[in-house]
Each structure stands twice: as structure tokens, then as C-alpha cells.
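Under my numbering, the first residue of the sequence shown carries the number 312, and numbering increases by one thereafter. Glycine included, every Cβ here is placed at the ideal spot set by N, Cα and C. Please read the structure below before turning to the comments.
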Amino acid sequence: MNKPLRRVSVFCLAMILVLMGWATWIQGAKASDYQDDPHNPRVAIAKYSAPLGNILVGGQPVTGSAATNANLKYKRTYKNGPLYAPVTGFSSQIFGSTQLESLYSDLLGGTDSRLQTPSDALLHERPRGGDVATTIDPKVQKAGYDALGGKTGAALALDPATGRILGMVSTPSYDPGTFAGSTAADQKAWQAMSQDSRQPNLNRALRQPLPPGSTFKLVVAAAALENGLYSSVDQPTASPDPYTLPNTSTKLTNESSSAPCENATIRTALQYSCNTVFAKMAVDLGKDKVRAQAEKFGFNDGKMDVPVRATKSVYPSDMDQAQTALSGIGQFDDQATPLQMAMVASAIANGGDLKTPQLVDQLTDGGGNTVQKNSPKTYHQVMSARTAAQLRSAMQTVVDKGTGSNAQIGGLTVGGKTGTAQHGVNNSGTPYAWFVSYADDGKGHQVAVAVMVEDGLAARNEVSGNGLAAPIAKAMMQAALK
């Protein structure tokens with residue numbers, strides 16, 4: 312063989328070896344990546360070739376599957392879609408999936424290895440999709456949704472003893488069934504939702520952190536009691552009125568000039584929501600002690616999965632004393648989701664033992680057999696039982712005699728804390744209304760609720776935690792315990 316021909320032969324052989332290696336790499340190491348790539352049409356064809364498993368609320372499916380005449384044989388359907396959208400998320404033939412629909416897509420679609428029987432493996436058959444049973448109480452969910460009505464906001468209810476999420480509402484909402492298919496109508500519905508300035512697809516209960524306002528005073532009060540700054544909620548504090556922010560000439564005042572806030576006890580300061588008391592208290596404690604207490608409640612945790620990932624609630628670290636004072640009343644750079652503030656109320660209601668919030672009770676296979684059962688887990692021992700009891704007593708005073716009167720429920724012990732958080736530069740926007748509460752039926756059953764209303768249509772003088780948010784919390788607490 313002459314030299315040029317030999318070179319061509321070696322080159323061709325090398326190319327063949329490269330091609331074989333590349334094909335082996337694609338078909339072997341990269342096969343699963345291509346198989347799971349959402350842009351691979353075969354993924355969607357396989358997923359929607361049979362009915363999906365369902366998401367259950369109160370033991371009943373709130374999802375379903377309907378036959379189509381397209382290549383994708385079945386599409387997702389939803390019962391009371393706007394009511395449960397913050398819980399289920401959506402599963403769309405075109406636009407993918409979110410929340411529980413996404414997290415448990417393998418189980419719902421029958422491709423989870425835990426569903427496969429020996430006969431399925433032998434015959435290369437896909438098992439029937441499994442079900443996801445949520446912790447949601449349908450009565451609590453509907454009560455919160457109806458009470459929020461046309462407002463923009465969110466509400467979340469927890470069982471303090473278990474961490475089970477009993478209600479998770481976000482408004483305005485959307486109907487995931489309107490864009491579950493692949494028709495022009497589905498695309499139009501998706502576009503309308505995506506362009507809606509009210510962001511109906513935003514789960515505000517988990518993913519809308521906002522200044523918590525005066526509801527954060529519960530965290531500061533817990534820190535003061537746990538660190539021995541004050542021995543009880545009935546000990547007078549060292550609190551001038553007004554309070555000059557450290558190293559500034561700015562005087563912090565209270566909402567009501569007639570409120571008895573000077574040197575008030577923690578009980579009285581919560582009852583009248585005294586800014587001066589808790590701003591001074593935060594400075595006396597120091598930012599590090601307040602932050603340590605806040606983090607026990609869940610602040611600054613960027614991996615809060617319920618199992619849907621919640622946006623991190625923030626208590627800042629880089630502050631001077633004046634900023635620490637403002638953070639003590641839930642302002643400056645404090646940020647909290649309704650989930651986070653429900654966790655604060657839950658820990659107080661449960662004697663300081665904060666259970667990890669969970670939205671899913673159990674997973675089952677297509678035959679109803681349990682694949683996974685979730686049990687209660689302690690997130691943190693946030694405070695002593697004595698501190699928790701002191702705060703429950705003070706929160707009861709807020710509802711019985713103070714700013715939270717709209718949450719009173721006959722036959723139940725109710726404690727709460729209102730909040731009206733500043734919004735915009737120099738508080739130029741409509742404030743956010745908060746209410747954090749718990750209720751106890753005296754028979755061993757409790758519920759903790761956090762409500763946030765960001766109602767930009769309300770008149771500024773009509774925005775208050777008691778006026779806008781407390782009635783929503785009351786409706787959910789009644790539904791849970793009455």
C-alpha cells in the first residue's frame with residue numbers, strides 16, 4: 312500500500328473509532344439526559360400516553376385525566392382548579408409542570424422505580440401512576456380562599472403538633488386546567504395568565520417574602536425572654552416614648568400617641584403594638600441574639616422544602632444599631648413569607664417545639680398501597696415551654712383586649728398579633744396587612760395561621776392587620792376546629 316493511501320485509511324479508521332465512541336457516549340452515558348429532557352417530544356408522548364395518577368385532598372382527587380384526539384392521548388384536568396392551584400401546581404402538555412405536579416411527576420406518571428413490580432420489569436410495561444395524598448383540609452382551604460375573595464394575598468394554616476399544612480391559599484389564583492392541553496385555546500390561556508400583572512401563578516404563601524411588620528415583634532419578644540433580658544411578659548421594660556434611634560436624631564413613635572407604651576410590659580406592648588418597646592428591645596439584645604432566635608424559627612433557611620421549595624425569609628446580619636431597631640419592628644430589610652410567620656405562631660402554640668411544615672401525607676402506588684408515609688419531624692426546639700406559654704398568654708390579650716379583636720371565636724382560645732408593614736419609599740405605597748394567630752379548642756387540637764394581604768386597591772386608612780387579615784385567619788381557624 313502506498314503512503315498516501317495508507318494515510319487515508321488510517322484517517323478513515325480514526326474517524327470510524329471517533330464516531331463509534333460518540334455513539335456509545337450518546338446511547339450510554341447521555342441516554343438518561345436525553346430521555347428526561349423536557350424538549351424531547353417522546354418524553355411528553357410517553358407521559359401523556361396513559362392517565363396520570365392523582366393529587367388527593369381529604370382523600371379525594373382534585374386532579375384527573377381526560378382523553379384527547381391528539382398524539383398526546385391524555386391531558387390533565389383539575390377540580391376546583393383556582394382553589395387548589397397553589398397546592399397542585401400545573402401539568403401542561405406544552406408548558407411543563409410545577410410544584411407537586413413537577414416534584415412527583417415520576418410517581419404520577421408511573422415511571423418511579425418504586426412502583427415497578429417484577430412482572431412490569433419482565434414485560435417492560437409501565438406501571439399505573441401513583442397518587443400523592445396531601446395534608447390539606449378541604450374545609451380550611453375553602454374557608455381561606457372564600458375569605459380572601461378578590462384581595463391580593465395569601466394565607467397558610469398549620470397543625471402545630473404535626474407540621475401538617477392544613478390550608479395554603481394564594482389569590483388571585485388561576486385555573487391550571489385551561490392550559491393543560493396543546494390547542495390554540497390552551498396557548499391563549501397561558502399567555503393571558505403570564506401577562507397578568509397580578510401574577511396569579513405566584514404562590515404567595517411560599518414565595519412572596521414581604522416585610523412582616525409588627526408580627527415580627529413576637530420573635531423579638533421570644534428572644535428577650537429566652538436571653539433573660541426580661542423575666543416575664545408582665546415585667547416593665549425600659550422603653551422611652553418616643554424612642555430616638557441610636558446615633559441618629561430620628562424619633563420613633565407609636566401608631567397611637569395615647570397608647571401606654573412608655574416602659575410597657577411585653578404583654579401591653581403586644582396589645583397596643585408599641586414600636587418603641589420592641590425597637591429598643593432589639594437594640595438591647597443586639598442583632599446577633601435576635602438573628603439567632605429568628606433562625607430557630609426558620610429565617611435565613613434557604614432550603615425550606617415542604618416539599619415545594621419556599622423562598623427564604625430573611626433577618627439581615629449587616630446592620631447598625633438604628634437599623635437593628637427598625638428590624639425589631641419587622642421593617643428595614645426583614646422579609647418573611649406567610650409560611651414563615653405561620654411557623655412562628657406554630658412554635659408558640661406547640662410549647663416551643665416547631666415541627667417541620669409538610670404538604671404531603673403519603674405516596675401510594677396505582678393499587679393504593681403505601682410507597683412512602685411522612686411522619687412529623689421537629690425542625691427546632693425554638694424556645695422553652697415557659698416562654699411559649701408566656702407568649703400565648705400575651706397573644707390572647709391581643710385578641711381579647713387589643714388590636715386583634717376581629718379574630719375572637721366563641722368556644723376557642725385564640726391568640727394573635729397584627730401587623731401593618733410599610734411599603735415603598737417613605738411608606739408611599741399601600742401598606743401590607745398581616746395577622747398571625749393560633750387557636751386551641753381545649754381538647755388537644757390546635758391550628759396556627761398566618762395571613763398577608765397586599766391589597767393595593769384598599770384605601771390607605773383602611774389597611775390594618777385586624778381589619779383586613781384577622782377575619783381571614785378567623786375563618787380558617789373556625790374551619791379547622793369548630
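Beta-carbon separation (whole angstroms), residue i vs residue j, contact threshold 8 angstroms
i      : j      : result
Asn538 : Lys600 : 5 angstroms
Lys728 : Lys528 : 7 angstroms
Ala532 : Leu702 : 6 angstroms
Pro687 : Lys666 : 5 angstroms
Ala732 : Pro523 : 6 angstroms
Option nearest residue i by Cα separation, candidates the options
i      : options                           : result
Leu459 : Ala791, Lys793 and Lys785         : Lys785
Asp752 : Asn313, Gly721, Ala495 and Tyr626 : Gly721
Met787 : Tyr749, Glu765, Ser775 and Cys585 : Tyr749
Gly441 : Thr559, Ile405 and Arg425         : Arg425
Ile659 : Val760, Arg515 and Thr731         : Val760
Leu792 : Glu573, Thr482 and Lys450         : Lys450
Thr579 : Gln404, Ser481, Ser638 and Thr548 : Thr548
Pro557 : Met630, Val725 and Asp497         : Met630
Ala468 : Gly778, Leu363 and Thr446         : Thr446
Ala534 : Ser775, Thr561 and Met694         : Met694
Leu723 : Gly407, Gln789 and Asn391         : Gln789
His756 : Ala396, Arg475, Val373 and Val594 : Arg475
Ser408 : Ala472, Ser376 and Pro487         : Pro487
Gly478 : Ala575, Ala636 and Tyr395         : Tyr395
Arg518 : Gly730, Ala378, Gly392 and Val398 : Val398
Thr473 : Gly662, Ser413, Gln707 and Lys607 : Gly662
Lys562 : Asn574, Lys453, Leu637 and Gln707 : Leu637
Gln692 : Val544, Gln707, Glu606 and Tyr626 : Glu606
Gln651 : Thr489, Ser505 and Val530         : Val530
Gln707 : Ile577, Ser628 and Tyr743         : Ile577
Buried or exposed by the 16-neighbour rule on C-beta atoms within 10 Å, applied to residue i
i      : result
Leu328 : exposed
Glu436 : exposed
Arg509 : exposed
Ala621 : buried
Trp745 : buried
Phe401 : buried
Ala718 : buried
Asn380 : exposed
Gln604 : buried
Gln371 : exposed
Asp423 : buried
Val319 : exposed
Asp664 : buried
Ala334 : exposed
Leu419 : buried
Pro315 : exposed
Arg881 : Absent from the model: residue 881. The displayed extent of the chain is 312 to 793, so no value can be given.
Phe797 : Lying before the first or after the last residue shown, residue 797 is absent from the chain, which here runs from 312 to 793.
Asn737 : In this prediction, Asn737 has a pLDDT of 45, which is less than 50 and means its spatial position is unreliable; nothing more can be read from the coordinates.
Lys754 : exposed
Ala770 : In this prediction, Ala770 scores a pLDDT of 42, lower than 50, which makes its location untrustworthy; the coordinate-derived value is nonetheless stated afterwards. Result: exposed.
Asp676 : buried
Arg602 : buried
Asn777 : buried
Gly730 : buried
Rounded separation between residue i and residue j - CA only
i      : j      : result
Val368 : Gly613 : 28 angstroms
Ser624 : Val762 : 15 angstroms
Ser493 : Gln410 : 20 angstroms
Gln714 : Leu513 : The sequence given here has Thr at residue 714, not Gln. Going by the C-alpha atoms only, they are around 30 angstroms apart.
Phe610 : Val709 : 24 angstroms
Asp616 : Ala516 : 13 angstroms
Leu596 : Ala633 : 13 angstroms
Ser525 : Leu540 : 20 angstroms
Leu674 : Thr463 : 32 angstroms
Asn382 : Tyr485 : 26 angstroms
Ser481 : Ala465 : 4 angstroms
Tyr415 : Val443 : 8 angstroms
Thr689 : Met654 : 12 angstroms
Ser590 : Pro571 : A small fix is needed here, since residue 590 is Ala in this sequence, not Ser. Distance between the alpha carbons of Ala590 and Pro571 is about 16 angstroms.
Leu363 : Leu330 : 39 angstroms
Gly455 : Ile366 : 20 angstroms
Gly421 : Arg439 : 5 angstroms
Ile405 : Trp501 : 10 angstroms
Val758 : Ser657 : 7 angstroms
Ala254 : Gly679 : Shown here, the chain extends from 312 to 793; a query on residue 254 therefore has no answer.
Glu794 : Pro483 : With the chain covering only 312 through 793, there is no way to say anything about residue 794.
Trp336 : Ala325 : 16 angstroms
* Three CB pairs or more closer than 8 angstroms across the stretch 635-643 and the stretch 677-691 -> Contact fails: fewer than three Cβ-Cβ distances are below 8 angstroms.
* Asked: Is the number of C-beta pairs between the stretch 502-517 and the stretch 581-597 that are closer than 8 angstroms three or more?
  -> No, because fewer than three Cβ pairs between the stretch 502-517 and the stretch 581-597 fall closer than 8 angstroms, the two stretches do not touch.
* To do: Check whether the stretch 660-677 touches the stretch 540-555, taking contact to mean three or more Cβ pairs, one atom from each stretch, closer than 8 angstroms.
  => The stretch 660-677 makes no contact with the stretch 540-555; the number of CB pairs closer than 8 angstroms stays below 3.
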